[in-house]
Amino acid sequence: MNRHVSTEQLSAYLDAELGYSEIRQIENHCAACKECGARLDDMQRVISGLGRVERVAPPPALRQQIRQQVAVQPPAPSLERAYNSVRLLFFPIRPALRTAAAMGLALTVGIFIVHHEAEGLPPTPRPGEEVVTVELGAQIGQLLTTSEVADRQFIWTDDGWIQKGLEGQTPVARMDAGSPQGRALLTRYSDLKLLLEDGYPVVLRYDLETVEIRNLPPNRIIGFEPQPVPRRARHIHGSIVAA
Amino acid sequence: MGSEGPLYPVTHHDVALDVELVERHRCGDLQAFDEVYERFGEMIYNLAQRLAGNREEAADLTQEIFLRIYRHLGSFGGRSTLKTWVFRIAINHCRDRLSRHYPATQSIDDEAEEGSGVTIADPGRGPEELAVAADEGRRVMEGLSKVPPVFREAVVLRDLEGLSYEEIAEVLGVRVGTVRSRIARGREQLRVLLEKQV
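Chains A and B are the protein sequences, given in the same order. Residue 291 is where the first sequence ends in our numbering, and the numbering goes up by one at each step. Residue 193 is where the second sequence ends in our numbering, and the numbering goes up by one at each step.
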């Protein structure tokens, strides 16, 4: 190795993230090159310094505060579904559309509450406050973080990832990652699995359409698939036919 | 000359524990969420403190992150470890909160605060040695607070939380090559900043 070792190589070397031949090249080069040897020592010192940063235990009261907050949480999945169903209404910018979105929200929240009561679920302590959406309101139009996956930019929202540029669009199709269509999509964009792993849906452009893909929780049974019948062979007039 | 590797190596035991824990949560076992806090509370609090810069904000962030975890734990699919899933939620939440309300860099003022957290002492070191190490740690944290967030996240996850490159890639939703580059650039920027301090 005649060229100097890059910073990235030095860093990965110290993390033992390189292959054997690259490790040997770097060690040989740093032994002969004073400049790279010094840079390696510097990098090592930085890592050692980070190792001296003391860890701090959370305040003991924090656990109790979290317990108290969790105790008054509404049943999360239902609330999230209701939020998902109205979220896209918030994106229109024109006042007329905004009014329509607000009316739609009021209607959906009403249906959501009635639906809950109809299911016989215990009402939340203060249903109005739970749904008043201080949190939802704060999220409107505020695009949070991004992730580079499958050579596209995805934007994190509280209820999933949306490909940049598709905000406010209603997906024309929704698919489960385990379905044939979902598997085909993931074969083409395997990196999307990274985004799907935490259970949130991903909205993206696929085959010129806006689609949504999500992982269904493993314990969610939506139907029983018929088990494949064992193929038995029988002879008919001397030829073998699968039954 | 390599480093010692992740502080919290993933084992099959962890994965089995993850699945069992989430299943218990789905079945309504309240103790399960308590165990999630027991396993990850300190890690998330420290991560939040490194990213936010002070203990008060870290406590608020930790609280919000665990509420989010509680809301979504039932949808955890088990395709990653619970640890990377939890860190992913934590990072996304910190980015969201900190980008809205705070400048990209912020000075570390946590050591000036009293009673808002407990420093975990190393019993193997004497008082003088501990004081020197604490001083060095403060200096490093001050430098780290000036490193751009995108690189700081990678360095914190690697060097302070001990995640592997693969785990960091999962948490940040980027490729391992990107992680490698961000860690290297973050460390290099920190080196330059520490040199300026001297």
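Cβ coordinates follow ideal geometry from the N, Cα and C atoms, glycine included.
Within the continuous beta strand (DSSP E) that includes valine 259 of chain A, where are the two ends? 257 to 262
According to DSSP, simplified to helix, strand and coil, what is phenylalanine 35 of chain B? helix
Within chain B, partners of asparagine 76 of chain A - CB distance below 8 Å: In chain order: nothing, as chain B lies at least about 13 Å away.
Between B:Lys141, B:Ser94, B:Glu156 and B:Glu165, which has its C-alpha nearest glutamine 192 of chain B's C-alpha? B:Lys141
If the criterion is Cβ atoms closer than 8 Å, does the pair glutamate 156 of chain B and valine 171 of chain B meet it? no
From the DSSP output, in three-state form, read off tyrosine 248 of chain A for me. coil
Between the Cα of glutamine 73 of chain A and those of A:Glu83, A:Ala86, A:Gln57 and A:Arg87, spot the shortest distance and give me the residue it belongs to. A:Gln57
Threonine 235 of chain A - containing alpha helix (DSSP H), residue span: 228 to 236
Look at the alpha carbon of arginine 186 of chain B and the alpha carbon of glycine 168 of chain B, and state the distance between them as a whole number of angstroms. 26 Å
Arginine 63 of chain B in three-state terms, based on DSSP: helix
Among all the DSSP beta bridges, which residues are the ones paired with alanine 85 of chain B? BP columns for alanine 85 of chain B are empty, so no partner.
Give the straight-line distance between the Cα atoms of valine 151 of chain B and leucine 42 of chain B, rounded to the nearest whole angstrom. 7 Å
So, does the segment 249 to 260 of chain A touch the segment 209 to 222 of chain A, judging by three or more C-beta pairs under 8 Å? yes
In whole angstroms, what separates the C-alpha of isoleucine 86 of chain B from that of leucine 93 of chain B? 10 Å
List in chain order: all unbroken alpha helix (DSSP H) runs of 4+ residues lying wholly within the segment 77 to 103 of chain A. 82 to 99
Looking at C-beta atoms only, is the number of pairs between the segment 176 to 186 of chain B and the segment 92 to 103 of chain A that lie closer than 8 Å three or more? yes
So, for asparagine 263 of chain A: in the same chain, excluding its five sequence neighbours on each side, which residues have a beta-carbon less than 8 Å away from its beta-carbon? Asp224, Ala225, Gly226, Leu244, Glu245 and Gly247
Pick from A:Gly99, A:Leu98 and A:Cys78: whose alpha carbon is nearest that of aspartate 89 of chain A? A:Cys78
Anyone know if the C-beta pair for glutamine 117 of chain A and glutamine 26 of chain B falls short of 8 Å? no
For glycine 230 of chain A and glutamate 215 of chain A, the rounded distance between their alpha carbons: 21 Å
According to the neighbour-count rule (16 or more other Cβ atoms, all chains shown, within 10 Å of its Cβ), is proline 108 of chain A buried or exposed? exposed
So the candidates are B:Ala53, B:Ala11, B:Val10 and B:Phe28; which of them puts its Cα closest to the Cα of isoleucine 64 of chain B? B:Phe28
Looking at the structure shown, is threonine 57 of chain B part of a helix, part of a strand, or coil, going by DSSP? helix
Have a look at threonine 76 of chain B and isoleucine 39 of chain B and give me their C-alpha separation to the nearest angstrom. 15 Å
According to DSSP, what are the bridge partners of aspartate 224 of chain A? A:Arg262
Here's a check: name, in chain order, each residue in its chain whose Cβ is nearer than 6 Å to the Cβ of lysine 212 of chain A, leaving out the five neighbours to either side. Gln201 and Ile203
Am I right that arginine 175 of chain B and glutamate 65 of chain A are in contact with their C-beta atoms under 8 Å? What's the rounded C-beta distance? 7 Å
Can arginine 45 of chain B and valine 166 of chain B be called in contact, C-beta distance under 8 Å? no
What does glutamate 215 of chain A touch in chain B if you count any residue whose Cβ is under 8 Å from its own? Within chain B, no residue comes near glutamate 215 of chain A; the closest Cβ sits about 16 Å away, beyond 8 Å.
Residue from B:Arg180, B:Met136 and B:Ser159 with nearest C-alpha to glycine 99 of chain A: B:Met136
By how many angstroms is the C-alpha of glycine 138 of chain B removed from the C-alpha of glutamate 190 of chain B? 10 Å
Cutting at 7 Å between CB atoms, please list the residues of its own chain near arginine 87 of chain A, excluding the five before and the five after it. Leu58
What residue range does the alpha helix (DSSP H) around arginine 175 of chain B cover? 171 to 192
Given that aspartate 13 of chain B touches chain A, what residues does it touch there, using C-beta distances under 7 Å? Simply none; closest approach about 12 Å.
Residue environment, leucine 256 of chain A, which counts as buried when at least 16 other CB atoms sit within 10 Å: exposed
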